[in-house]
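**Student:** For the protein sequence lines, the chains are U and X, in the order given. Quick note: the first sequence uses full-length UniProt numbering, first residue 1, plus one each step. Quick note: the second sequence uses full-length UniProt numbering, first residue 1, plus one each step. First the structure, then my questions, so here it is.
Number of protein chains: 2
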Amino acid sequence: MCHDESRSSASGGGLSTTAVSNGGGRSRGFLRGWQIHNTLFNIKIMILCGFVTILVLLATISIGNFGSSSNADSVKQSFIKEETIPMTILPEIPSDSNSTDLGAAEPPKAEIFTTPNATYTLGPKVTNWDSQRKAWLNQNPEFPSTVNGKARILLLTGSSPSPCDKPIGDYYLLKSVKNKIDYCRLHGIEIVYNMAHLDEELSGYWTKLPMIRILMLSNPEVEWIWWMDSDALFTDILFEIPLSRYEKHNLVIHGYPDLLFNQKSWIALNTGVFLLRNCQWSLDLLDAWAPMGPKGPIRDEAGKVLTAYLKGRPAFEADDQSALIYILLSQKDKWIDKVYVENQYYLHGFWEGLVDKYEEMVEKYHPGLGDERWPFVTHFVGCKPCGSYADYAVDRCFKSMERAFNFADNQVLKLYGFSHRGLLSTKVKRIRNETVSPLESVDRFDIRRMHVETKP
Amino acid sequence: MCHDESRSSASGGGLSTTAVSNGGGRSRGFLRGWQIHNTLFNIKIMILCGFVTILVLLATISIGNFGSSSNADSVKQSFIKEETIPMTILPEIPSDSNSTDLGAAEPPKAEIFTTPNATYTLGPKVTNWDSQRKAWLNQNPEFPSTVNGKARILLLTGSSPSPCDKPIGDYYLLKSVKNKIDYCRLHGIEIVYNMAHLDEELSGYWTKLPMIRILMLSNPEVEWIWWMDSDALFTDILFEIPLSRYEKHNLVIHGYPDLLFNQKSWIALNTGVFLLRNCQWSLDLLDAWAPMGPKGPIRDEAGKVLTAYLKGRPAFEADDQSALIYILLSQKDKWIDKVYVENQYYLHGFWEGLVDKYEEMVEKYHPGLGDERWPFVTHFVGCKPCGSYADYAVDRCFKSMERAFNFADNQVLKLYGFSHRGLLSTKVKRIRNETVSPLESVDRFDIRRMHVETKP
Chain U
1 MCHDESRSSA SGGGLSTTAV SNGGGRSRGF LRGWQIHNTL FNIKIMILCG FVTILVLLAT
61 ISIGNFGSSS NADSVKQSFI KEETIPMTIL PEIPSDSNST DLGAAEPPKA EIFTTPNATY
121 TLGPKVTNWD SQRKAWLNQN PEFPSTVNGK ARILLLTGSS PSPCDKPIGD YYLLKSVKNK
181 IDYCRLHGIE IVYNMAHLDE ELSGYWTKLP MIRILMLSNP EVEWIWWMDS DALFTDILFE
241 IPLSRYEKHN LVIHGYPDLL FNQKSWIALN TGVFLLRNCQ WSLDLLDAWA PMGPKGPIRD
301 EAGKVLTAYL KGRPAFEADD QSALIYILLS QKDKWIDKVY VENQYYLHGF WEGLVDKYEE
361 MVEKYHPGLG DERWPFVTHF VGCKPCGSYA DYAVDRCFKS MERAFNFADN QVLKLYGFSH
421 RGLLSTKVKR IRNETVSPLE SVDRFDIRRM HVETKP
Chain X
1 MCHDESRSSA SGGGLSTTAV SNGGGRSRGF LRGWQIHNTL FNIKIMILCG FVTILVLLAT
61 ISIGNFGSSS NADSVKQSFI KEETIPMTIL PEIPSDSNST DLGAAEPPKA EIFTTPNATY
121 TLGPKVTNWD SQRKAWLNQN PEFPSTVNGK ARILLLTGSS PSPCDKPIGD YYLLKSVKNK
181 IDYCRLHGIE IVYNMAHLDE ELSGYWTKLP MIRILMLSNP EVEWIWWMDS DALFTDILFE
241 IPLSRYEKHN LVIHGYPDLL FNQKSWIALN TGVFLLRNCQ WSLDLLDAWA PMGPKGPIRD
301 EAGKVLTAYL KGRPAFEADD QSALIYILLS QKDKWIDKVY VENQYYLHGF WEGLVDKYEE
361 MVEKYHPGLG DERWPFVTHF VGCKPCGSYA DYAVDRCFKS MERAFNFADN QVLKLYGFSH
421 RGLLSTKVKR IRNETVSPLE SVDRFDIRRM HVETKP
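Structure representation (C-alpha cells):
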C-alpha cells in the first residue's frame with residue numbers, strides 16, 4: 001500500500017580509379033582520340049565501381065548498420081562531448097531527433113499536460129486501489145504480498161514484437177533475458193517479459209507505462225513492479241535491492257538530487273531501471289506521466305515543452321525520462337516526497353565507465369557491493385542492440401555487452417564449478433575439480449545461501 | 001529421493017566487363033599499342049571487380065546462410081515418407097548423418113557401452129546421493145524440496161553459446177524462452193537457461209546430460225529436473241504436470257510402450273522433453289547413458305550399434321534418444337520399473353499434427369486438457385530453428401512456431417484483457433473493456449487461481 005505519512009526524505013568506401021599514364025602518343029589526333037576514349041573508359045569504370053560499391057553498402061546495411069550513423073548520433077556525440085555531468089545517467093535519443101534544432105524551443109506549456117480531463121488517459125481512473133488491493137489480499141491468503149518476509153517483486157522487461165533490425169540484436173536480447181532469469185531465480189523474483197504493444201499510441205520507450213499499470217492491477221499480490229530495459233544487465237548477481245530503505249517511498253530510481261533540483265537536467269534520473277510500488281500513488285503518477293506519450297503532434301509538442309524546461313535536452317519528441325523529470329519538478333509538492341533518488345549503488349550503471357574495469361574489479365573486490373567497485377546493473381544506454389542505429393560503434397557495444405554478460409555469468413557458473421575462458425569467450429572451463437561430496441560446494445558457493453547467511 | 005520398492009509398473013554474382021569497340025585506329029602501331037593498353041586495362045578492371053565481388057560475397061555469407069541444406073534432409077525426408085508409426089515422436093537427425101549408409105550396420109557391440117570403467121564418465125562416481133541429499137535437506141530447512149505441498153521442479157532449457165545460423169532463429173529462441181517464463185511463473189517453477197558447453201565431448205543433443213547432472217548435485221532442494229528443448233513451446237498454459245501419478249517413478253518421458261517393447265523403435269520415446277527425479281537412480285542412469293556420447297569414433301561406433309539394435313533408425317552417429325531407448329531395453333530389469341512412459345497428454349506433442357488445429361481447439365475445447373484437444377507442449381522436431389538446415393521448409397516451420405507462440409500467448413494475455421489479432425499477428429487487441437474494479441477480472445482470469453480452484 002502507498003505511504004501517506006508526513007513528508008520525509010562503415011559506410012562502404014567509394015572505390016575510385018586513376019587515369020592511366022599515356023602509353024605513348026606521337027600524333028596529336030590519335031592522342032586526342034585515345035584520350036577521349038580513355039576518358040569515356042574511366043567514366044565507365046567509375047559507374048561500374050560505384051554500382052558495386054552500392055552493392056557492398058547494401059549488404060553491409062542489411063547485416064545491421066555496422067558503423068552507420070543517424071542524425072541522433074551527431075546530436076548525441078556532440079552532446080556527450082559538451083556534457084560535464086556524470087555519464088552514468090545518459091538517456092536515449094531516438095533516431096528522429098533533429099540535430100539542426102538544438103535548443104530552439106517554444107516557451108513551456110505545462111498546463112496542457114497537467115489537466116487530465118483534457119488529455120490522453122491510460123484507462124478508466126481507478127481511485128480506491130489501496131483499499132481494493134488490501135481487501136483482495138485479505139480474501140486471498142494464498143497470494144501473500146510478502147514471501148519469506150520479503151516484499152514480492154515482479155521484474156518487468158521486454159522487447160519489440162518484431163525481430164531486431166540488427167540480427168545479432170536478438171541474440172543479445174536472448175542473453176539479456178538469460179541474465180535476468182539467473183538473477184531473478186537466485187533472488188526469488190518473478191519475471192514478466194513483454195513483447196506486445198498494449199497501446200498503439202504509447203510506442204517506443206513509452207510502452208512500459210501501460211504495461212506497468214496493467215501488471216499492478218492484475219497482480220495485486222505484487223508489492224513492487226521493477227522495470228528494467230532489455231539493454232540493462234545484472235552484473236552483481238549477489239547484490240540485493242535494500243527494500244527496507246524504501247519503506248516510506250513509492251518510486252525508487254537512480255539519479256542525482258543536485259542534477260534534478262538545482263540543474264533541472266534532463267538526465268538527472270534514468271528511467272531504464274526503476275521500482276514502482278503497487279499502490280494508488282503509483283497509478284496516479286502513471287496517469288500524470290502518460291499524457292505526453294501519444295505519438296504524433298502531442299508527443300512532438302510535449303518535446304518542445306521538455307526541451308525548454310530541462311537543461312541540456314536536445315530538441316526531439318517527448319521521451320518518458322524527460323517527462324518524468326518534468327512532472328516531478330513542475331508538480332514537486334505532489335510527488336517528490338515519495339520518490340527515492342538512489343545513487344548509493346548502481347541501480348542503473350552507465351556501461352562506458354564500467355565494462356573496461358571488470359578484470360580490475362575481480363582483482364580488487366567481490367560481488368555484493370553493487371556500486372562502482374562491482375556494479376549491480378550495467379546499462380547499455382545508447383547502444384540500442386535491437387535498433388537500426390546506435391549512438392556508439394556497434395562492434396564496441398556488442399563486445400562490451402558480451403563482456404558484461406560473461407562477467408555476470410561467471411558469478412552464476414561458479415556454483416557449478418565453471419567460468420568463461422575470458423570475458424569475451426563463450427567457452428567455459430572448470431575452475432575446481434569435482435568431488436564425490438558435491439554438497440560441500442553448494443554450501444560454499446550457492447548465492448542464495450550467501451544471501452541467507454548475510455541476513456541479520 | 002529415489003524409490004526402490006519392489007517392481008511396479010545467396011552468393012554475390014561475378015561482374016565482368018566487355019572490351020570497348022575500337023574508337024578509330026588508322027595506324028597498326030598505335031592500334032596495337034592501344035589494344036595492348038586496353039587489354040591491360042581490362043585485366044585491371046577484372047581484378048578490381050573480382051575483389052569487390054568477394055567483398056559482397058563475404059558480407060552476404062555473414063548475414064547467415066538461409067536455405068542451406070545437408071545430407072540429413074534427404075535422409076529425414078525419405079525416412080518420414082517411409083515412416084508408418086506416429087509422427088508425434090519423430091526425433092532429430094544431425095546434419096552429418098550419412099544417407100548412403102542406410103541400414104548398413106555392424107552387429108551390436110552392447111558390451112563396450114555397458115562396462116563403465118572401460119568408458120567415458122560424466123565425473124567422479126557419486127554413490128550415496130540419496131543419503132547426502134536427505135541429510136542436506138534436514139540441515140537446510142530454508143530450502144525445502146516441496147513448496148505449497150508441491151515437489152520443487154527446475155525447468156532446464158537452453159541453446160548454443162553462439163548466435164544461430166539463421167538470424168531469425170535467435171528471435172524464436174527469445175520467444176521460446178518468453179513462453180517458458182510465462183508458464184513457469186504461473187506454476188511456480190524455476191528456470192535455468194543454459195548457454196554453456198560444460199563438456200566439449202558431449203556436444204549437440206548430448207549437452208543436456210552433464211548439465212542435468214550438475215543441476216541435481218548443486219540444487220539438492222530440487223526434486224525434479226525437467227528438461228525441455230528450445231524448440232518446444234508450452235501451448236496449454238493452464239495444464240499442470242500430474243506429479244502424484246509419478247510418485248513411484250524417477251523418469252517421466254513421452255512415448256508408446258508398444259513401440260518401445262514390441263517394436264524396439266528408435267522413436268518409441270522423445271528425449272526433447274522429460275522429467276528426471278533428483279536421486280541416485282537418475283545419477284546412475286546418466287552414467288549409463290553418457291558413454292555413447294563422446295563425439296568422434298565413440299559416437300560414430302555407438303551409432304552403428306544403435307542402428308543395428310533399433311527399428312527404423314537411419315545410420316548416423318549416436319544420439320541421446322536412441323541411446324536412452326537402447327539402455328532401457330538392453331538393461332530392462334535395471335531401469336524400466338522406474339520409467340513412466342507417458343502418453344495420456346502431450347508432454348511432447350509433434351507440431352505437424354497440431355499447429356493447424358489451434359483455431360478448431362479454441363472453438364471446441366479449453367486449456368487445461370493437455371492432450372490432442374489442447375496440447376500441453378508443441379515440439380518443433382525437425383525445424384531446427386537455430387540450425388543451418390531443417391528437415392522442413394524454413395518458412396513453414398517459423399510460421400508454425402509463430403502460431404504456436406501466439407496461441408499460448410493469448411492464454412497469458414487474457415488476464416490483462418488482450419489477445420493477438422490473429423495467430424500469425426504480433427499485434428494485440430483488447431478483448432474486454434477495462435473497469436474501475438479490475439480485481440473482478442483477476443478473480444475470473446488468473447490462471448494461478450484457476451489452478452488453486454481446480455485442486456481437490
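No residue lacks a Cβ here, since even glycine has one placed at the ideal position from N, Cα and C. It should be emphasised that the depicted structure is a prediction, and the values quoted were computed from it without experimental measurement.
1) Taking 8 Å as the threshold (C-beta atoms), are U:LYS178 and X:MET228 in contact?
2) U:MET195 by DSSP, collapsed to three states: which one?
3) Can you find at least 3 beta carbon pairs, one from the segment 268-275 of chain U and one from the segment 340-350 of chain U, that sit closer than 8 Å?
4) Roughly how many angstroms separate the alpha carbons of X:LYS166 and U:VAL377, rounded to a whole number?
5) Taking X:ARG430 as part of the alpha helix (DSSP H), name the residues at either end of that continuous run.
6) So, are the CB atoms of X:SER145 and X:GLU201 less than 8 Å apart?
7) Closer than 8 Å, CB to CB, is U:LYS208 near chain X or not?
8) Which residue marks the beginning of the beta strand (DSSP E) containing X:ILE237, and which one marks its end?
9) Does U:LEU260 come out as helix, strand or coil in the three-state DSSP assignment?
10) Give the DSSP bridge partners of X:GLU342, in chain order.
11) Assuming U:ARG185 is part of the beta strand (DSSP E), what are its boundary residues?
12) Which residues in chain U have a C-beta closer than 7 Å to the C-beta of X:ILE336? List them in chain order.
13) What residues are listed by DSSP as bridge partners for X:GLY370?
14) Mind checking U:ASN22: buried by the 16 CB within 10 Å criterion, or exposed?
15) If you measure from the beta carbon of X:LEU173 to each beta carbon in chain U, is any gap under 8 Å?
16) Let me know the secondary structure DSSP gives U:ARG152 once reduced to three states.
17) How many whole angstroms separate the CB atoms of U:TYR389 and X:ASP170, which I take to be in contact at a CB cut-off of 8 Å?
18) Might you give, ordered along the chain, the residues of its own chain that have their beta carbon closer than 6 Å to the beta carbon of X:GLN411, omitting 5 neighbours on each side?
19) Can you give me the Cβ contacts of X:ASN219 inside the same chain, cut-off strictly under 7 Å, excluding the 5 residues immediately before and after it?
20) Would you say U:SER322 reaches chain X, if we count a Cβ-Cβ gap shorter than 8 Å as a contact?
21) Can you look up X:ASP446 in the DSSP assignment and give me helix, strand or coil?
22) Can you find a C-beta in chain X that's less than 8 Å from the C-beta of U:ILE189?
23) For the 8 Å Cβ check, are there 3 or more pairs between the segment 204-221 of chain U and the segment 426-442 of chain X?
24) Can you give me the start and stop residues for the alpha helix (DSSP H) that U:ILE298 sits inside?
25) Give the range of the beta strand (DSSP E) segment to which U:ASN270 is assigned.
26) Is DSSP giving X:PHE380 helix, strand or coil here?
27) Taking the CB atoms as reference points, tell me whether X:ALA315 and X:GLY293 lie closer together than 8 Å.
28) Could you tell me the boundaries of the beta strand (DSSP E) in which U:ILE189 lies?
29) In the DSSP output, what is U:ALA232 paired with across the bridge?
30) Could you check the C-alpha separation between X:MET450 and X:ARG152 for me, to the nearest Å?
31) Could you name the residues that DSSP lists as bridge partners for U:SER265?
32) Can you confirm whether X:SER68, when its beta carbon is compared against all beta carbons of chain U, has any partner nearer than 8 Å?
33) Kindly indicate which residue of X:ALA135, X:LYS125, X:ASN128 and X:TYR120 has the alpha-carbon position closest to the one of U:ASP443.
34) For the segment 157-187 of chain U, enumerate the residues whose C-beta is nearer than 8 Å to any C-beta of chain X, in chain order.
35) Listing by chain order, which chain U residues have their CB less than 8 Å from the CB of X:LEU413?
36) Given a cut-off of 8 Å on the beta-carbon distance, is the pair X:ALA268 and X:ILE212 in contact?
**Tutor:** Reading it off the structure:
1) no
2) coil
3) yes
4) The alpha-carbon atoms of X:LYS166 and U:VAL377 are separated by roughly 30 Å.
5) Where X:ARG430 is concerned, there is no enclosing alpha helix (DSSP H), although the beta strand (DSSP E) it sits in stretches over 428-430.
6) No, they are not a contact pair.
7) no
8) Membership of X:ILE237 in any beta strand (DSSP E) is not indicated, and neither H nor E is assigned to it by DSSP.
9) helix
10) Residue pairing by DSSP places X:GLU342 opposite X:HIS254 in a beta bridge.
11) Per DSSP, U:ARG185 is not a residue of any beta strand (DSSP E); the alpha helix (DSSP H) it occupies stretches across 167-186.
12) The premise fails here: X:ILE336 is roughly 28 Å from chain U at the closest Cβ pair, so nothing lies under 7 Å.
13) X:PRO375
14) The predicted model places U:ASN22 with a pLDDT of 34, which falls under 50 and marks its position as unreliable; any figure quoted below should be read in that light. Exposed: under 16 other Cβ atoms inside 10 Å.
15) yes
16) coil
17) Between X:ASP170 and U:TYR389 the Cβ distance is about 20 Å, and since that is not below 8 Å, they are no contact.
18) Counting only residues of its own chain and dropping the five nearest sequence neighbours on each side, X:GLN411 has a CB closer than 6 Å to the CB of ILE237 and PRO367.
19) LEU154
20) no
21) coil
22) no
23) yes
24) 297-309
25) Unbroken beta strand (DSSP E) run through U:ASN270: 269-277.
26) coil
27) no
28) Per DSSP, U:ILE189 belongs to no beta strand (DSSP E) and is neither H nor E.
29) Per DSSP, U:HIS379.
30) 20 Å
31) U:LYS311
32) With a pLDDT of 30 at X:SER68, under the threshold of 50, the modelled position of that residue is not reliable, and the figure given next carries that caveat. No, because no Cβ of chain U sits closer than 8 Å to the Cβ of X:SER68.
33) X:ALA135
34) SER159, PRO161, SER162, PRO163, CYS164, PRO167, ILE168, ASP170, TYR171, LEU173, LEU174, LYS175, VAL177, LYS178, ILE181, ASP182 and ARG185
35) ALA196
36) At a Cβ-Cβ threshold of 8 Å, X:ALA268 and X:ILE212 do not count as neighbours.
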